[in-house]
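Engineer: Below you will find the structure I want to go over with you.
Number of protein chains: 2
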Amino acid sequence: MKAKFPYYAVIFTSRRTEEQAGYAETSARMMELAARQPGYLGVDHAREEVGITVSYWESLEAIAGWKAQADHALAQRNGREKWYSEYRIRICRVEKEYGFNREGSAE
Amino acid sequence: MKAKFPYYAVIFTSRRTEEQAGYAETSARMMELAARQPGYLGVDHAREEVGITVSYWESLEAIAGWKAQADHALAQRNGREKWYSEYRIRICRVEKEYGFNREGSAE
């Protein structure tokens, strides 16, 4: 993922309920839909005790567009009613970024 | 975690190598040390294919302080030399936050 600064990250942390019928299908579908939204840059996801999904976006408008997307809005409602015992969403402006990989070198 | 705006998030995403000797102990120790740093607010962590650790801080100065902390600097070096095949660090300003939990209601 190569993004121009500034760009934005949405940190979604969640804990799940016992009721998980329909969750996996919806989650996979939302990943597909998000990737087709204007301004989408990428996503990172992992779950252990807590689930963390970080999605990356070109602008706050792109984030608002994804929040309002119809299928996603329905998934959010199902999330609150069934799948999540709690979640937290943090909308962040990425100020600085650096990294390391074994093929290249530290930045 | 109740934080005053603005506050900051460090999104650390990583992939690990086969070599993991000493990793778990160092990781646990870093979590303890971070929690004692000035300006530390909290942390979320999960690992599947990719590891995601998001730590929360009162200021950019607090983040710089943690990066420079001596034991942590040594852990970072070991991370690059042994444990990680790649990592990425994003320093973010949290602009907005909301959430839901089953005991209360959506914010």
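Quick mapping for you: the protein sequence lines, in order, are chains A and B. So in the numbering used here, the last one in the first sequence is 335, and the numbering has no gaps at all. So in the numbering used here, the last one in the second sequence is 335, and the numbering has no gaps at all. For glycine and all other residues, C-beta sits at the position ideal for the given N, C-alpha and C. Fair warning: this is a prediction, and the values are worked out from it, not measured in the lab.
#1: So is Ala263 of chain B buried or exposed if we call it buried at 16+ other beta carbons inside 10 Å?
#2: Helix, strand or coil, according to DSSP, for Ala249 of chain A in the structure here?
#3: Under a Cβ-count criterion, where at least 16 other Cβ atoms within 10 Å of its own Cβ denotes burial, should Arg228 of chain B be classed as buried or exposed?
#4: Mind checking if Arg321 of chain B is an interface residue toward chain A, Cβ cutoff 7 Å exclusive?
#5: I want to see whether chain A comes within less than 7 Å of Val282 of chain B, judged by CB atoms only; does it?
#6: Determine which residues share a DSSP beta bridge with Phe206 of chain A and list them.
#7: Which runs of the alpha helix (DSSP H) fall wholly inside the region 246 to 314 of chain A and span at least 4 residues, in chain order?
#8: In whole angstroms, what is the alpha-carbon distance linking Ala301 of chain B and Arg243 of chain A?
#9: Could you tell me how far apart the beta carbons of Ile280 of chain B and Glu325 of chain A are, in whole angstroms, since I believe they sit closer than 8 Å?
#10: In or out: Asp299 of chain A buried (at least 16 other Cβ within 10 Å) or exposed?
#11: Within its chain, find whatever has a CB closer than 6 Å to the CB of Val322 of chain B; leave out the 5 residues flanking it on each side and keep chain order.
#12: In three-state DSSP terms, what is Arg316 of chain A?
#13: Please check if any C-beta of chain B sits within less than 7 Å of the C-beta of Asn329 of chain A.
#14: Among A:Phe328, A:Ser313, A:Glu331, which residue has its Cα nearest to the Cα of Gly327 of chain B?
#15: May I ask you to check if the CB of Glu325 of chain A is nearer than 6 Å to at least one heavy atom of the ligand SAH?
Structural biologist: This is what the structure gives:
#1: exposed
#2: coil
#3: Any question about residue 228 of chain B goes unanswered here, given that chain B covers just 229 to 335.
#4: yes
#5: Judged by the 7 Å Cβ criterion, Val282 of chain B is in contact with chain A.
#6: Outside the shown range of chain A, which is 229 to 335, sits residue 206 of chain A, and nothing can be said about it.
#7: 251 to 264, 288 to 296, 298 to 306
#8: 32 Å
#9: Ile280 of chain B to Glu325 of chain A, Cβ: 15 Å. No contact.
#10: exposed
#11: Tyr235, Ala237
#12: strand
#13: yes
#14: A:Ser313
#15: This structure does not include the ligand SAH; it has no bound ligands of any sort.
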